[in-house]
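**Student:** Numbering-wise, numbering that gives the first Met the number 0 puts 272 at position 273 of the sequence shown, and it's gapless, one number per residue.
Ideal Cβ placement from N, Cα and C applies to all residues, glycine included.
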Amino acid sequence: MRPVITVLLIFIFFISFGFIKGQDVGFNNSWPNKKIYSLNLKSLEDKYRFSGLLHYDTQSDSLLSSSFFGLNVNHLIHHSYYPAFILSPLLFFQNNSFKIIIESNLVNERFGFEFLSTKFSRDGVAFDYNVASLQYVNKNNKFLISIGRSPIWWGQTFESTLIVNPFSGPYDNIYFNHELNEFLKLEAFTANLNSKKHFNSHINRFMAGHKVSFINKNKKFLFNLGEIFIYTGENISLDIKYLNPIIPYFLVDINDADIENDNFNSILFFDFRYNYSENRSIFFEIILDDYQIDETGIKNAIGLKLGFDNNLKVFSKNLNLSFERNFLSDNIYSHSGVHSYFLNNERPIGYQYGQACDTYDLNLSLKINHFMSIKNSYLIINRTKTSSISIWDDSNNVMDHNEFENHDFKRNTQYYDLSLHFEFKQIFLALGLSNEPIVDFMIYDNLYREDKKLYLELNYFFDFSSNFSAKLR
Numbered sequence: 000m001r002p003v004i005t006v007l008l009i010f011i012f013f014i015s016f017g018f019i020k021g022q023d024v025g026f027n028n029s030w031p032n033k034k035i036y037s038l039n040l041k042s043l044e045d046k047y048r049f050s051g052l053l054h055y056d057t058q059s060d061s062l063l064s065s066s067f068f069g070l071n072v073n074h075l076i077h078h079s080y081y082p083a084f085i086l087s088p089l090l091f092f093q094n095n096s097f098k099i100i101i102e103s104n105l106v107n108e109r110f111g112f113e114f115l116s117t118k119f120s121r122d123g124v125a126f127d128y129n130v131a132s133l134q135y136v137n138k139n140n141k142f143l144i145s146i147g148r149s150p151i152w153w154g155q156t157f158e159s160t161l162i163v164n165p166f167s168g169p170y171d172n173i174y175f176n177h178e179l180n181e182f183l184k185l186e187a188f189t190a191n192l193n194s195k196k197h198f199n200s201h202i203n204r205f206m207a208g209h210k211v212s213f214i215n216k217n218k219k220f221l222f223n224l225g226e227i228f229i230y231t232g233e234n235i236s237l238d239i240k241y242l243n244p245i246i247p248y249f250l251v252d253i254n255d256a257d258i259e260n261d262n263f264n265s266i267l268f269f270d271f272r273y274n275y276s277e278n279r280s281i282f283f284e285i286i287l288d289d290y291q292i293d294e295t296g297i298k299n300a301i302g303l304k305l306g307f308d309n310n311l312k313v314f315s316k317n318l319n320l321s322f323e324r325n326f327l328s329d330n331i332y333s334h335s336g337v338h339s340y341f342l343n344n345e346r347p348i349g350y351q352y353g354q355a356c357d358t359y360d361l362n363l364s365l366k367i368n369h370f371m372s373i374k375n376s377y378l379i380i381n382r383t384k385t386s387s388i389s390i391w392d393d394s395n396n397v398m399d400h401n402e403f404e405n406h407d408f409k410r411n412t413q414y415y416d417l418s419l420h421f422e423f424k425q426i427f428l429a430l431g432l433s434n435e436p437i438v439d440f441m442i443y444d445n446l447y448r449e450d451k452k453l454y455l456e457l458n459y460f461f462d463f464s465s466n467f468s469a470k471l472r
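Written out as structure tokens, the structure reads:
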């Protein structure tokens, strides 16, 4: 009996204290978002509808059933490293015209900045809001405007998008979404980035974006065309001309070039996905940060993603397979202006592994039964230089920098993550082995040096709204 008791005690110890699986923190830890967004959305119609703002949502029109309150508890357990514990209260309310969505996160003070992008803490606990948004929705005209805080996702892949990575947020933003018809959709936003100092000046930073989306009649082809724009300046405020969802930002930039410093950094992007059969698709993303038509001596700044995914049967089990190649040039996301680079709280706004890399990314997910699955990911990164988005380096002339620089430069890196997942109605459990960094290694703090190794994630979601609704009835 003693060995059995010992095993039980060890298991209870693992549940009670946490290791870390840090790249899943923030909104991805909330149970509704994990169920909705942490998978590659299979239908193009889902991608067409759900990209953009990320938060808990419901399709119900009933006031009673659209009121929701829940609590998400996450134990993050990692081999021989400091434990983490995340508590996330969730609140959602909707009537015929308005939505209120609130999701806050509490975590050990040690991980406040790495997990929540905040340095605020009291009594050993860091706290911040991941989602706090008021939305006006007109379902008849398919129109939405949102004011508040939320992560933003633009692109064809979730974690590895080159355009707007959901793990770079959340952002305080104003977001506009309008479906012009069943084929065309227009989206635009403007958001605050973290401020910086430049000598004795205080530099405010803002990001704006707009795109048009098209999905064909049989829902097999989807493409997005748009622009992301960062503008900065000493004590500047939100500029209303960048709220325009139609006029290209580079035209506004050119008109102001004679009276303002070049603190404007724009990226053009185009992405598409084509379902060539029911369970197979190819996808593509391209971003143009700087392309030299003439011979200027400056290198092109381009990013490119090519990939495919496939859902097939293996021994009568569902196997999801995806593979992608990413090419990021040396100076992409960087800029010569004052803090006008694509970082937010030292996290890449675009590709999560930064610039100057050529990557191979393979992901496999085998569904054993309705509650158990095996997942495996393998990533190879080949670098031409260290990723230093905050530094503009043209002909060895450093024009802009901040405190961040990744000093652990390795030309060739390989990451793997092999895990067993259990998903029940209110419980999620993952047990795995990995050498991925605990938190995104682009963050300037030294936590990126630690590997996950053996880890356990326990996620509990409590829905209090069901009992509350029953009492109201």
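1) Of all the alpha helix (DSSP H) runs that stay within the bounds of the stretch 206–281, which reach a length of 4 or more residues?
2) Indicate whether Leu430 and Leu363 have their beta-carbon atoms separated by less than 8 Å.
3) Sort out for me which residues DSSP pairs His74 with in a bridge.
4) Rounded to whole angstroms, what's the CA-CA distance from Tyr447 to Phe182? Just pull it up for me.
5) Comparing alpha-carbon positions, which option in Phe271, Phe166, Ser120, Ala187 lies nearest Asn172?
6) Please classify Glu345: does DSSP put it in a helix, a strand, or coil?
7) Determine the DSSP secondary structure at Phe283, reduced to helix, strand or coil.
8) Let me know if Lys195 comes out buried or exposed under the rule of 16 or more other beta-carbons within 10 Å of its beta-carbon.
9) When the Cα atoms are used, what is the spatial distance from Asp357 to Arg324?
10) Less than 8 Å separating the beta-carbons of Phe311 and Asn278?
11) Measure from the alpha carbon of Ala131 to the alpha carbon of each residue in Ile144, Arg148, Asn140, then state which is nearest.
12) From this set, Ser120, Ile348, Gly123, Asn137, which residue's C-alpha is nearest Phe97's C-alpha?
13) Would you say Ser376 faces chain D, with C-beta separation under 8 Å as the test?
14) Under 8 Å, do Leu161 and Gly154 count as touching if we go by C-beta distance?
15) Pull up the distance between the alpha-carbon of Ala83 and that of Leu453, whole angstroms please.
16) Tell me the DSSP secondary structure of Arg109 in three-state form.
17) Cα-Cα, which of Ser372, Asn368, Thr412, Ile146 is closest to Arg382?
18) Nearest by alpha-carbon distance to Pro244: which of Leu224, Glu233, Thr231, Asn234 is it?
19) Kindly indicate which three-state DSSP category Leu161 falls into: helix, strand or coil?
20) Please confirm if the stretch 116–123 is in contact with the stretch 69–89, defined as three or more CB-CB distances below 8 Å between the two stretches.
21) Counting only runs of 4+ residues fully inside the stretch 327–394, write out the alpha helix (DSSP H) ranges in chain order.
22) Should Tyr230 and Phe263 be called a contact, given that it needs their Cβ atoms to be closer than 8 Å?
23) Skipping 5 residues on each side, what residues in its chain have a beta carbon closer than 6 Å to that of Asn309?
24) What residue range is occupied by the uninterrupted beta strand (DSSP E) comprising Phe307?
25) Starting from Gly147, trace the beta strand (DSSP E) both ways and give me its first and last residue.
26) Tell me the residue span of the beta strand (DSSP E) that contains Glu435.
27) Can you tell me the Cα-Cα spacing of Gly232 and Ile101, whole angstroms?
28) Could you check the C-alpha separation between Gln425 and Ser333 for me, to the nearest Å?
29) Nearest to Arg346 by alpha carbon, out of Phe166, Tyr81, Glu435?
30) Give the straight-line distance between the Cα atoms of Phe326 and Ser159, rounded to the nearest whole angstrom.
31) Helix, strand or coil, according to DSSP, for Ser418 in the structure here?
32) Along the chain, where does the beta strand (DSSP E) containing Leu179 start, and where does it finish?
33) Tell me the DSSP bridge mates of Thr189?
34) Just the Cα atoms here: how many angstroms apart are Leu419 and Leu455?
35) Buried or exposed, going by whether 16 or more other CB atoms sit within 10 Å of the CB of Lys184?
**Tutor:** Answer, in terms of the structure:
1) 248–255
2) no
3) Phe84, Leu457
4) Confidence at Tyr447 is low in this model, with a pLDDT of 43, below 50, so the placement of that residue should be treated as unreliable; the coordinate-derived value is given next. Tyr447 and Phe182: Cα-Cα distance of roughly 43 Å.
5) Ala187
6) coil
7) strand
8) buried
9) 7 Å
10) It should be noted that the sequence gives Leu, not Phe, for residue 311. Yes.
11) Arg148
12) Asn137
13) In the structure shown, chain D does not exist; there is a single protein chain.
14) Yes; because the gap between Cβ atoms is below 8 Å, this pair is in contact.
15) Roughly 15 Å between the two C-alpha positions.
16) The answer is helix: DSSP assigns Arg109 an H, G or I state.
17) Closest by alpha carbon: Thr412.
18) The shortest Cα separation from Pro244 among Leu224, Glu233, Thr231, Asn234 belongs to Leu224.
19) coil
20) No contact exists between the stretch 116–123 and the stretch 69–89.
21) Entirely contained in the stretch 327–394, not one alpha helix (DSSP H) run reaches 4 residues.
22) yes
23) Correct list, in chain order: Arg279, Leu320.
24) 300–313
25) If you look at Gly147, you'll find it in the beta strand (DSSP E) that goes 142–149.
26) Looking at the DSSP string, the run of the beta strand (DSSP E) that includes Glu435 is 426–436.
27) 31 Å
28) 43 Å
29) Phe166
30) 12 Å
31) strand
32) Counting along the chain, Leu179 falls outside any beta strand (DSSP E), and DSSP gives it neither H nor E.
33) Ile173, Ala207
34) Computed Cα separation, rounded: 10 Å.
35) buried
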